[in-house]
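Protein chains: 2
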Amino acid sequence: MTLTELSPDTLPPRSHAAKRMSVLEAATYVFCREGYAGANIDMIAAEAGVSRQTVYNHHGDKEKLFIAVVRALTERTNAGIFATLATFPDQPADLNSELVDFAIRLNGNCICSGDGKFLRKLIEMEGQRYPELFTGWREDGPSKTWAALAARFARLAHAGHLDIDDPDVAARQFLALINADLHVSMALGDKLGEDRIRESATNAIRTFMRAYGKR
Amino acid sequence: MTLTELSPDTLPPRSHAAKRMSVLEAATYVFCREGYAGANIDMIAAEAGVSRQTVYNHHGDKEKLFIAVVRALTERTNAGIFATLATFPDQPADLNSELVDFAIRLNGNCICSGDGKFLRKLIEMEGQRYPELFTGWREDGPSKTWAALAARFARLAHAGHLDIDDPDVAARQFLALINADLHVSMALGDKLGEDRIRESATNAIRTFMRAYGKR
DNA sequence: ATTTTTTTAGACAGTATTGTCCAAATCGTC
DNA sequence: GACGATTTGGACAATACTGTCTAAAAAAAT
């Protein structure tokens, strides 16, 4: 008791925290597959290998569990995006190929990853019904991503590597081009190979550089 | 008798066929808002201004109703897309501004329209659970749209208006650029004004022409 | 070894939904 | 107005899910 009293956050009972995680993971999977209304607690408990009561013990009720799922997913996804954003080629030797690699990282780690797909699907499914649930994503997600990416492009332009008039537009179009091919495939759950992603990124950067490259 | 013939618009056309339509419309709206699992027949009946029994009389059961909704939505959306595709500027006087107008039409009539949003949301929500439901869309939808648009661009390129190496890639990138800004806004149900759409289209075409315009 | 916490399985009430059935009301048509 | 088809509201059984409760089992801490 003293141990848990002293550090209730860092050292809770192992299986306790492990089960909590297990439930959260299972809930993420089931909510994303079935939607909020279609998911039920028994599915989640079974998926987590846990009794139904344990789900309630840990997360209160269905809505609280859903909120926890969205929060965790949002945080993980944002963290992943900014980690990848940090690998942007700020001092490029070969801008073209470095942008291709960056695009591949962004697609692989963030857009096509499990978390990314799940979060997007949840937003699409439940975004209108629970708008306040996704305000966090709305504020910390796309707008900050765009701003950060725009700042990088602005710096590249200032350094003479690119010819950009509006970095915000360029950033959004960069992301749009990167996803041009993958967008529809993912909507139907197609599995995308490495080569597909690389080809798509190459096409995107070719067009992006034709539009914004130094001439 | 004569009354319904004289004023079919002012008085609600509550015929057999009209109720069938009314139910289908209401079902479309409710299924898209709530998802398949979240929707229930009473909601749909109320939305249609009809008794629950009438819903069952016309469409059998919930699943058949859902299938009818998806089928109708797919057909309407495809028809709308190809109708808009027919307004592509084949002999452009001012290619730039005509492409902007075309992009606005495509966005307004197809992508941002009620049908377009509904169909996309249903595909995202239920596409994995009922894959066979959307094979029709899969075959007649994006791939044919892409092919048709690619053919138009190829002709423009052949006529010397554009400098395109791969028309298929150009077509997909055109669509991606057109939706660059609107994509996220729509995911959260934002209402988009005419000016937003026009500005977005202008940005898209500027970049597209910088990449593919004759130099 | 003992005590405390956590988990489990199952029962349970309350509620919601689906799909059916039916008699009365309504509508379209003659 | 009369007749047949359609619609309506409500009752109904069957099923499913939520969230609570319990006592027993398991696990963890002391």
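Here the protein sequences line up with chains A and B, keeping their order.
Per the numbering used here: the first sequence ends with 217, consecutive numbering throughout.
Per the numbering used here: the second sequence ends with 217, consecutive numbering throughout.
Where a beta carbon is used, it is the ideal one built from N, C-alpha and C, also for glycine.
Since we're looking at a predicted model, the values are computed, not measured.
According to the neighbour-count rule (16 or more other Cβ atoms, all chains shown, within 10 Å of its Cβ), is residue i buried or exposed?
| i | result |
| --- | --- |
| A:Val133 | At residue 133 of chain A the sequence reads Pro, which differs from the Val that was named. With fewer than 16 Cβ atoms within 10 Å of its Cβ, A:Pro133 is classed as exposed. |
| B:Arg208 | buried |
| A:Lys123 | buried |
| A:Ser99 | exposed |
| A:Ala213 | buried |
| A:Asp117 | buried |
| A:Gln93 | exposed |
| B:Ala161 | exposed |
| A:Glu36 | buried |
Take residue i and list the residues in its own chain whose beta-carbon comes closer than 7 Å to its own, dropping the five residues that flank it on each side.
| i | result |
| --- | --- |
| B:Asp44 | Arg54 |
| B:Phe104 | Thr89, Phe90 and Pro91 |
| B:Arg198 | none |
| B:Ala173 | Trp148, Leu151, Ala152 and Phe155 |
| B:Val52 | Lys21, Ser24 and Val25 |
| A:Tyr38 | Phe68 and Glu128 |
| A:Thr4 | Since pLDDT at A:Thr4 reaches only 36, below the 50 mark, its modelled position is unreliable, and the value read off the structure follows with that caveat. Same-chain partners within the cutoff: there are none. |
| A:Ile106 | Ile199, Arg200 and Ala203 |
| B:Leu164 | Phe155, Leu158, Tyr214, Gly215 and Lys216 |
| B:Arg131 | none |
| B:Thr86 | Arg107, Leu108, Asn111 and Cys112 |
| A:Asn80 | Asp142 and Gly143 |
| A:Phe120 | Thr30, Cys34 and Leu75 |
Using a Cβ-Cβ cutoff of less than 6 Å, which residues in the same chain neighbour residue i once the five nearest sequence positions on both sides are dropped?
| i | result |
| --- | --- |
| B:Leu67 | Ala29 and His61 |
| A:Ala48 | none |
| B:Pro169 | Ala152, Phe155 and Ala156 |
| A:Leu101 | Ile207 |
| A:Ala159 | Ile166 |
| A:Phe136 | Ile125 and Gly129 |
| A:Ala178 | none |
| B:Val32 | Ala41, Met45, Ile46 and Glu49 |
| B:Leu97 | His163 |
| B:Val71 | Ala29, Thr30 and Phe33 |
I'd like to know whether the C-beta of residue i is nearer than 7 Å to at least one C-beta of chain B.
| i | result |
| --- | --- |
| A:Thr79 | no |
Taking 6 Å as the line, does the beta carbon of residue i fall inside it for any heavy atom of the ligand ZN?
| i | result |
| --- | --- |
| B:Asp167 | Here there are no bound small molecules, and the ligand ZN is not part of this structure. |
Return no unless some Cβ of chain A is closer than 7 Å to the Cβ of residue i.
| i | result |
| --- | --- |
| B:Pro144 | yes |
| B:Leu13 | In this predicted model, B:Leu13 has a pLDDT of only 40, less than 50, meaning its place in the structure is not dependable; the value taken from the coordinates is given anyway. Closer than 7 Å: no. |
Can you list, in chain order, the residues of its chain whose CB lies under 8 Å from that of residue i, leaving out five sequence neighbours each side?
| i | result |
| --- | --- |
| B:Ala182 | Ser202, Asn205 and Ala206 |
| B:Cys114 | Leu184, Met188, Leu194 and Ile199 |
| A:Ser17 | none |
| A:Met211 | Leu97, Asn98 and Leu101 |
### Within the segment 118-205 of chain A, ranges of the alpha helix (DSSP H) (whole runs, at least 4 residues)
Qualifying alpha helix (DSSP H) stretches, in chain order: 137-142, 144-160, 169-180 and 184-189.
#### Entry: Within 8 Å of chain B by C-beta, residues of the segment 177-189 of chain A in sequence order
Leu177, Ala178, Leu179, Asn181, Ala182, Asp183, His185, Val186 and Ala189
#### Entry: Members of the segment 51-71 of chain A that neighbour chain B once the beta carbon cut-off is set at 9 Å
none
### Task
Return the residues of the segment 108-142 of chain A that lie within a Cβ-Cβ distance of less than 8 Å from chain B, sorted by chain order.
Result list: Arg122, Lys123, Ile125, Glu126, Met127, Gly129, Gln130, Arg131, Pro133, Phe136 and Arg140.
### Query
At a Cβ cut of 9 Å, what residues of the segment 26-47 of chain B count as close to chain A, listed as they run along the chain?
Arg35, Glu36, Gly37, Tyr38, Ala39, Gly40 and Ala41
### Members of the segment 158-174 of chain A near chain B, C-beta cut-off 7 Å
Correct list: Val171 and Arg174.
### Query
What residues from the segment 196-212 of chain A come within 7 Å of chain B, judged by C-beta to C-beta, listed N to C?
Asn205, Thr209 and Arg212
### Task
Could you pull out every unbroken beta strand (DSSP E) segment of at least 3 residues lying fully inside the segment 13-87 of chain A, listed in chain order?
Qualifying beta strand (DSSP E) stretches: none in this window.
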